[in-house]
Each structure stands twice: as C-alpha cells, then as structure tokens.
Ligand SMILES: [Zn+2]
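Residue numbers (my numbering): 279 to 388.
Below you can see the structure in the form of structure tokens.
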C-alpha cells in the first residue's frame, strides 16, 4: 500500500497553534464549558474523528484552553474535533472534525 496519501491534518486548513501547545490539557479540562452547553456528562461522550476514524471519549482527547475558546483535538491525528468559543454571552460550536458524537442520556452533567 503506497504511503503517499495526504495526512488528514493537511486537509484541515487550520494550522495548529504550535506556539501554544504548552497549554495542552486533557479533555476533562473542557468538561466545564461542555457542561455549560450540554445537559449530559460530555467527558464521557464518544467522539469519532473525521480525520482518522478513531473514537475516543472526550475526556481523553487533547484540549487547548484559550481566553474565550476551547479546542479539542484528536490524540491520534491532531484533527480539531470541537471548537468552542464563548463570546459576549453566545456560544459558537464548530463540530466539523467529528464524524459522530455519541453520549448517553444516563449520564447527566453534574
Ligand atoms: Zn483523528
């Protein structure tokens, strides 16, 4: 099998902010903002990456927390799974990086 396939991150169009990589946390750090949006425990939610097809619990992906935004990345291929911005009382969610997000109604957020 030829290894000439373009890596999924090359198609993402959003260069990763490498300079800020030292702010890398795990997905549990994003539990607060996710809990403000979804009525379920989202660190237990399973996200399927659109870049590589891997499914990870959101609590185990890589999280980057910025002043007004949160970015969750696939730990396997670095694709941005979820982008959350909270600006002037309004949430902006970019979920393009996920093929699928599944969570259980049995796990309400705390
Ligand atoms: Zn991936």
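Don't be surprised by glycine CBs; every beta carbon is placed ideally from N, CA and C.
Assigned secondary structure, residue i (DSSP; H/G/I helix, E/B strand, else coil)
| i | result |
| --- | --- |
| residue 367 | coil |
| residue 290 | Confidence in residue 290 is poor, its pLDDT being 49 and thus under 50, which makes the residue's placement too unreliable to answer from. |
| residue 358 | strand |
| residue 299 | Confidence in residue 299 is poor, its pLDDT being 49 and thus under 50, which makes the residue's placement too unreliable to answer from. |
| residue 322 | helix |
Among the options, the one whose alpha carbon lies nearest that of residue i
| i | options | result |
| --- | --- | --- |
| residue 385 | 361, 351, 319 and 310 | 319 |
| residue 328 | 360, 367 and 381 | 360 |
Residue-chain proximity (residue i, chain C), Cβ-Cβ < 8 Å
| i | result |
| --- | --- |
| residue 370 | Among the chains in the structure shown there is no chain C, since it carries only a single protein chain. |
beta-carbon residue i near ligand 1 non-hydrogen atom, thresh 7 Å
| i | result |
| --- | --- |
| residue 389 | Nothing about residue 389 can be read from this structure; the chain reaches only from 279 to 388. |
| residue 333 | no |
Residue environment, residue i, which counts as buried when at least 16 other CB atoms sit within 10 Å
| i | result |
| --- | --- |
| residue 325 | buried |
| residue 308 | buried |
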